[in-house]
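Chemist: Got a structure for you, written out below as structure tokens; questions coming shortly.
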Amino acid sequence: MHECDHCSESFEDEEPYLEHLRDEHADDLGPIEQRRVDALDDGDDGLPGFVYAAAAVVGLVLLGGVAVGLLGGGGGGGPSTLNDSAPQQPTNIGGPHHHGGMTVTIDGRSLDFSQPEFQRARENPAFHYERGNGGRWHVHARGVTLEYALESLGIDVAPEALAFEGTVYRTGEGDTVRFVVNDQPVDPTTYELQEGDQVEVVATNNASA
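Read left to right, the sequence shown gives residues 1 to 209 (full-length UniProt numbering).
Written out as structure tokens, the structure reads:
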């Protein structure tokens with residue numbers, strides 16, 4: 001039995017205990033606890049910490065290729081139809097550890113982030129969902145914008161536009177596109193995710209609604 005010294009929780013196995021320390025008491029850990037939690041995080045993805053940065057670069061390159069293929073139109077290999085440049089890149093990957101919630105509703109359909117296509121911690125170490133839990137996102141870096149987070153999930157965005165699975169939604173064309181964090185509208189290209197953020201993304205093609 002593992003008893004938490006920071007609260008009244010107890011755990012039969014070590015891994016849930018360490019996950020609890022990591023997720024609930026990250027700011028209160030002593031040196032020994034921190035080392036044990038760090039070892040757990042390394043083991044979660046099967047990668048040592050220094051590999052995170054390389055994995056992020058590879059993931060971004062692959063993501064860019066997918067976005068061009070889906071959104072770039074008939075052949076060309078040019079930039080995405082929404083932005084001329086890639087999202088702001090995170091730094092200090094593998095350092096910070098933040099959590100929050102997010103709902104994305106596109107034409108009335110809410111995306112289920114517990115599905116395997118969204119559970120890609122190895123490919124997207126800076127922002128991801130993990131362990132089959134679609135209710136809580138994880139940030140393991142500094143400077144993770146909402147744009148970066150959404151694009152890691154296959155959703156291309158701009159301040160007043162969104163593209164998903166080949167369909168583009170633009171407020172300038174009468175569609176509804178909304179990016180809200182903690183009940184406040186934000187620009188996804190500049191807003192950086194913080195601990196506890198609750199994100200709501202909505203895109204609706206009003207012509208077909």
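Each residue gets a CB set at the ideal place from its N, CA and C atoms; glycine is no exception.
Using beta-carbon positions only, say whether VAL157 and PRO185 come within less than 8 Å of one another.
Modeler: In the sequence shown, the residue the question calls residue 157 occupies position 157. In the sequence shown, the residue the question calls residue 185 occupies position 185. Taking 8 Å as the Cβ cut-off, VAL157 and PRO185 do not qualify as a contacting pair.
Chemist: If I follow the unbroken alpha helix (DSSP H) through TYR148, where does it start and stop?
Modeler: Residue mapping note: residue 148 aligns to position 148 of the sequence shown, counting from 1. That run of the alpha helix (DSSP H) goes 146-152.
Chemist: Pick out whichever of GLY95, HIS20, HIS97, PHE113 has its Cα sitting closest to the Cα of THR103.
Modeler: Position 103 of the sequence shown holds residue 103. It is PHE113 whose Cα lies nearest to the Cα of THR103.
Chemist: Taking DSSP's pairing of strands, which residues face GLY101 in a bridge?
Modeler: Taking the sequence shown and counting its residues from 1, one reaches residue 101 at position 101. The partner list for GLY101 (beta bridge, DSSP) reads GLN198.
Chemist: Please identify the residue among VAL181, GLY143, ALA163 whose C-alpha is closest to the C-alpha of GLY94.
Modeler: Your numbering for residue 94 matches position 94 in the sequence shown. Nearest of VAL181, GLY143, ALA163 to GLY94, Cα basis: GLY143.
Chemist: Mind checking PRO90: buried by the 16 CB within 10 Å criterion, or exposed?
Modeler: As a first step, residue 90 must be located in the sequence shown, where it is residue number 90. That one is buried.
Chemist: Among ARG36, ALA149, PHE164, which has the Cα closest to the Cα of ASN124?
Modeler: Residue mapping note: residue 124 aligns to position 124 of the sequence shown, counting from 1. For the residues ARG36, ALA149, PHE164, the minimum Cα distance to ASN124 belongs to ALA149.
Chemist: To which residues does DSSP link ALA163 through a beta bridge?
Modeler: Here the question's residue 163 lines up with position 163 in the sequence shown. ASP156, VAL168.
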